[in-house]
Ligand code: C2E
Ligand code: MG
Ligand code: MG
Ligand code: MG
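In UniProt numbering, the protein residues as written are 541 to 828.
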């Protein structure tokens with residue numbers, strides 16, 4: 541680490557650490573501008589039932605950066621979370637999803653349901669339930685058309701408080717899925733007491749299916765357990781037909797992954813769902 545003694549005896553760190561702090565600040569400022577200048581957009585990825593039909597869509601955030609092009613959430617989510625910017629960004633995601641659902645429902649696709657990801661910071665926000673219910677009401681939508689995806693670790697940060705929030709969401713008619721399941725450390729007995737509807741098996745277990753015995757055993761155990769607890773189980777990150785067959789043979793309820801579709805803008809998904817030309821649709825919504 542390069543260290544220099546300055547004029548007044550201060551120690552200057554011209555180190556990797558200093559550069560990281562600087563990059564962090566630049567990224568935060570960029571994110572703030574992205575929100576103000578509407579650079580975010582949503583892609584949607586279908587979740588399929590056993591017959592191959594579309595069960596629902598997962599909304600996935602993208603950042604259309606003026607120089608860097610389309611940026612995936614892994615690059616900026618940590619920064620959005622740390623700075624708290626994920627709260628207004630998350631509110632934008634909810635509004636955009638609800639506004640899109642209204643358009644799709646008006647066009648006759650009344651069964652379309654969308655899952656929205658929530659990060660730990662959003663889940664802790666005391667206004668979360670009000671925000672979700674208010675946004676649904678604004679677009680005159682039934683809560684059953686929205687699912688919220690939360691990771692185990694978001695829930696386990698403050699288990700008792702999480703349970704109260706989940707109870708309230710459920711009482712209001714929302715569905716809850718535990719995302720990236722298997723990577724956290726929720727105890728099964730705890731999980732049993734949570735008002736959740738679905739488990740999404742983490743992608744890391746899919747990668748080496750069906751050949752890897754350990755992954756196969758874990759996935760099989762998760763499917764069996766979900767059954768026993770009356771939960772819907774989703775296999776995510778399905779990239780090839782061997783993986784899909786393995787999951788189908790186990791009785792996994794829903795599948796999602798590049799084997800079926802990549803996440804895509806609303807317009808692309810519309811034509812995929814056969815909504816494209818119907819009832820004068822064909823434009824993705826964008827809200828401020
Ligand atoms: P996630 O919720 O677990 O989403 C699944 C991720 O896997 C998505 O990455 C998706 O594009 C990717 N994926 C889907 N199928 C496949 C596949 O077959 N193979 C591979 N290799 N990947 C696949 P993405 O869109 O980059 O999102 C990453 C994470 O960012 C999400 O993980 C979620 O935790 C977070 N995220 C995305 N959108 C939002 C949002 O609106 N709000 C919040 N709070 N978090 C979000
Ligand atoms: Mg998700
Ligand atoms: Mg996931
Ligand atoms: Mg994930």
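We put the beta carbon where it would ideally sit given N, CA and C, even for glycine.
Just so you know, these numbers come straight off a predicted model, no measurement behind them.
For this session: Output the residues surrounding ligand 2, defined as those with a CB atom closer than 6 Å to any ligand heavy atom, in chain order.
Result: Selection output, chain order preserved: 598, 657, 689 and 719.
For this session: Compute the Euclidean distance between the alpha carbons of residue 808 and residue 640, then round it to the nearest angstrom.
Result: For the purposes of this step, residue 808 is taken as the residue at position 268 of the chain shown. For the purposes of this step, residue 640 is taken as the residue at position 100 of the chain shown. A direct Cα-to-Cα measurement between residue 808 and residue 640 gives close to 13 Å.
Problem set entry | Closer than 7 Å: residue 630 CB and nearest ligand 1 heavy atom | Numbered from its first residue, the chain shown carries residue 630 at position 90. Yes, Cβ of residue 630 sits closer than 7 Å to a heavy atom of ligand 1.
Exercise. Quick one: any contact between the segment 682-696 and the segment 716-723, if contact means 3 or more CB pairs under 8 Å?
Worked result: Yes, they touch.
Exercise. Using a threshold of 7 Å, is the CB atom of residue 777 nearer than that to any non-hydrogen atom of ligand 1?
Worked result: Position 237 of the chain shown, counting from 1, holds the residue named residue 777. Residue side-chain check: residue 777 places its Cβ nearer than 7 Å to a non-hydrogen atom of ligand 1.
Problem set entry | Helix, strand or coil at residue 736 [DSSP, three-state] | For the purposes of this step, residue 736 is taken as the residue at position 196 of the chain shown. Residue 736 falls in the coil class under three-state DSSP.
Problem set entry | Rounded separation between residue 608 and residue 583 - CA only | Along the chain shown, one-based indexing puts residue 608 at 68. Along the chain shown, one-based indexing puts residue 583 at 43. About 18 Å.
Problem set entry | 8 Å Cβ cutoff met for residue 745 and residue 763 | Counting from 1 along the chain shown, the entry for residue 745 is found at position 205. Counting from 1 along the chain shown, the entry for residue 763 is found at position 223. Annotated as distal: residue 745 and residue 763, with beta-carbon spacing of 8 Å or more.
Exercise. Taking 7 Å as the line, does the beta carbon of residue 798 fall inside it for any heavy atom of ligand 1?
Worked result: Mapped onto the chain shown, residue 798 falls at position 258. Within the cutoff, so yes.
For this session: Closer than 6 Å by C-beta to residue 625: which residues in its own chain qualify, once you throw out the five before and the five after it? Chain order, please.
Result: Your numbering for residue 625 matches position 85 in the chain shown. Residues of the same chain with a CB within less than 6 Å of the CB of residue 625, apart from the 5 flanking positions on each side, are 571 in chain order.
Exercise. By DSSP, does residue 730 sit in helix, in strand, or in coil?
Worked result: Start at 1 with the first residue of the chain shown, and residue 730 comes out as number 190. Residue state, collapsed to three classes: helix.
Problem set entry | residue 705: first and last residue of the uninterrupted alpha helix (DSSP H) it sits in | Reading the chain shown from its first residue, position 165 is the one you call residue 705. Where residue 705 is concerned, the enclosing alpha helix (DSSP H) stretches over 699-711.
Exercise. Based on the DSSP secondary-structure assignment, which residues constitute the bridge partners of residue 603?
Worked result: In the chain shown, counting from the first residue as 1, residue 603 sits at position 63. According to DSSP, residue pairing for residue 603 in a beta bridge involves 580 and 611.
Problem set entry | Reference residue 590, options 709, 580, 613 and 796, closest by Cα | Locating residue 590 in the chain shown gives position 50, where the first residue counts as 1. The shortest C-alpha separation from residue 590 is found at 796.
For this session: Tell me whether the beta-carbon of residue 586 lies closer than 8 Å to the beta-carbon of residue 801.
Result: Taking the chain shown and counting its residues from 1, one reaches residue 586 at position 46. Taking the chain shown and counting its residues from 1, one reaches residue 801 at position 261. Against a cut-off of 8 Å, the Cβ pair of residue 801 and residue 586 comes out as a contact.
Problem set entry | Beta-carbon spacing of residue 741, residue 776 below 8 Å | By 1-based counting over the chain shown, the position of residue 741 is 201. By 1-based counting over the chain shown, the position of residue 776 is 236. Yes, these two residues count as a Cβ contact at 8 Å.
Exercise. Between which two residues does the alpha helix (DSSP H) harbouring residue 812 extend?
Worked result: The residue you call residue 812 lines up with position 272 of the chain shown. Segment 806-812, the alpha helix (DSSP H) holding residue 812.
Problem set entry | Nearest neighbour of residue 668, chosen from 679, 699 and 706 [CA to CA] | The sequence position of residue 668 within the chain shown is 128, counting from 1. Among 679, 699 and 706, the Cα nearest to that of residue 668 belongs to 706.
For this session: Check whether the Cβ atoms of residue 634 and residue 675 sit closer than 8 Å, and answer yes or no.
Result: Counted from its first residue, the chain shown places residue 634 at position 94. Counted from its first residue, the chain shown places residue 675 at position 135. In this structure, residue 634 places its C-beta atom within 8 Å of the C-beta atom of residue 675.
For this session: Could you tell me the distance, in whole angstroms, from the CA atom of residue 604 to the CA atom of residue 696?
Result: In the chain shown, the residue the question calls residue 604 occupies position 64. In the chain shown, the residue the question calls residue 696 occupies position 156. Going from the Cα of residue 604 to the Cα of residue 696 covers about 32 Å.
Problem set entry | Reference residue 665, options 631, 647, 766 and 652, closest by Cα | As a first step, residue 665 must be located in the chain shown, where it is residue number 125. Nearest C-alpha to residue 665: 631.
For this session: Note the first and the last residue of the continuous beta strand (DSSP E) segment covering residue 689.
Result: Looking up residue 689 in the chain shown gives position 149. Membership of residue 689 in the beta strand (DSSP E) is indicated by the continuous run 686-691.
Exercise. Just to confirm, does residue 534 get its C-beta within under 7 Å of one of the non-hydrogen atoms of ligand 1?
Worked result: Given that the chain is displayed from residue 541 to residue 828, the structure contains no residue 534 and the question cannot be resolved.
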